[in-house]
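2 protein chains.
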Amino acid sequence: MAKKIELPEEIVETAKMAKALSHPVRVYILKKLSGFDACCYSGDLVDELPIGRSTLSQHLKELKYVGLIQGETEPPFIKYCLNNEKWTEAKKMFNQLFTEA
Amino acid sequence: MAKKIELPEEIVETAKMAKALSHPVRVYILKKLSGFDACCYSGDLVDELPIGRSTLSQHLKELKYVGLIQGETEPPFIKYCLNNEKWTEAKKMFNQLFTEA
DNA sequence: AAATCATTTCGTTTTTTTGCGAAATATAAA
DNA sequence: TTTATATTTCGCAAAAAAACGAAATGATTT
Chain G
1 MAKKIELPEE
11 IVETAKMAKA
21 LSHPVRVYIL
31 KKLSGFDACC
41 YSGDLVDELP
51 IGRSTLSQHL
61 KELKYVGLIQ
71 GETEPPFIKY
81 CLNNEKWTEA
91 KKMFNQLFTE
101 A
Chain R
1001 MAKKIELPEE
1011 IVETAKMAKA
1021 LSHPVRVYIL
1031 KKLSGFDACC
1041 YSGDLVDELP
1051 IGRSTLSQHL
1061 KELKYVGLIQ
1071 GETEPPFIKY
1081 CLNNEKWTEA
1091 KKMFNQLFTE
1101 A
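Chains as they are written, first to last, in our numbering: chain G, 1 to 101; chain R, 1001 to 1101.
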């Protein structure tokens, strides 16, 4: 019987990133922000998306938490932009997953 | 005020695929199966992974449900393999997401 | 026919996620 | 200083995901 393994950090991290992408609203936001020099405000998004303000705020918080986006306060707005380093890191993770050994 | 959109099918599908990848155990399984000509049995996995049989079975079911893997019955075992078409499709989805417009 | 083996399904519990509206915060304008 | 605006946090409810053990299934061997 093979030994029970601890799941490798690499795999845990990939799953974490996938979780951040596992809701359509979050994918929508990231797609929007990953365009050239694209940033946006919470208000822009809430007008487009079929969810309430507080719900949207939760999704933004999650994306901020995993580091994929960052919010720059620009009163009275908060300008959200992609964190390009993290985005690249995520891209690499998925590339590696899909590039068979 | 911009119009509330229905989330595009492409985005919903990407989120669905990401959800399938949002648990470390499922990432582990897919990584294992995506090696060259790699297949395995539930029993192999349960020996390696720190979860019970029925829990593993649930994860396999989910991966089957989204079409990423398929089980070929080979009594008294069930041989699980990657569904290569779907895997390629998933790869494309993430490629598209990460390839800015 | 009974026992065995690999795996799944069922029933249940716990935890996490999603969603909302109301209230709070923080800033700017009147 | 009151009012308005943009956004978040809080408190809650509903839904979904994760996990387990026990029982069921389906095929094989004794």
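Built from N, CA and C at the ideal position, the CB exists for glycine as well. Every value quoted in this text rests on a predicted model; they were computed, and no experiment measured them.
Start-to-end residues for the alpha helix (DSSP H) that takes in I1078/R
First-last for I1078/R: 1077-1082, but that is the beta strand (DSSP E), not the alpha helix (DSSP H).
Among A90/G, I5/G, T55/G, which has the Cα closest to the Cα of Y1028/R?
Nearest of A90/G, I5/G, T55/G to Y1028/R, Cα basis: I5/G.
What is the residue span of the beta strand (DSSP E) that I1102/R lies within?
Outside the modelled stretch of chain R, which goes from 1001 to 1101, sits residue 1102/R, for which no answer is possible.
Alpha carbon to alpha carbon, what distance is there between I1051/R and T1073/R?
23 Å
According to DSSP, residues forming a beta bridge with Y1041/R:
K1079/R
Could you name the residues of chain R that E48/G contacts, counting a contact when the two beta carbons are closer than 8 Å?
A1002, K1003, K1004, I1005
Using three-state DSSP, classify E6/G as helix, strand or coil.
DSSP, read as helix, strand or coil, puts E6/G in coil.
Taking C-beta pairs closer than 8 Å, name the residues in chain G that G1067/R reaches, listed in chain order.
Residues of chain G passing the Cβ test: none, with the nearest at roughly 15 Å.
Need the endpoints of the alpha helix (DSSP H) that V25/G sits in, please.
24-33
Between the beta-carbon of F1098/R and the beta-carbon of K91/G, is there less than 8 Å?
yes
Can you list, in chain order, the residues of its chain whose CB lies under 7 Å from that of A1148/R, leaving out five sequence neighbours each side?
This structure does not reach residue 1148/R, given that chain R is present from 1001 up to 1101, and the question cannot be answered.
Where T1099/R sits in the DSSP three-state scheme:
T1099/R falls in the coil class under three-state DSSP.
Quick check on the burial criterion: 16 or more other C-beta atoms within 10 angstroms. Buried or exposed for K944/R?
Any property of residue 944/R remains undetermined from this structure, which presents chain R solely from 1001 to 1101.
The segment 59-86 of chain G: positions lying closer than 7 Å to chain R by Cβ:
none
If contact means a Cβ-Cβ distance below 8 Å, which residues of the segment 21-55 of chain G contact chain R?
L21, S22, H23, P24, V25, R26, V27, Y28, L30, K31, S34, G35, F36, D44, D47, E48, L49, P50
Provide the residue span of the alpha helix (DSSP H) that contains L1056/R, from first to last.
1053-1065
Min CB distance E1089/R to chain G below 8 Å
Taking CB atoms only, E1089/R has no neighbour in chain G less than 8 Å away.
Would you tell me roughly how many angstroms separate the C-alpha atoms of N83/G and E1089/R, rounded to the nearest one?
Going by the C-alpha atoms only, they are around 26 Å apart.
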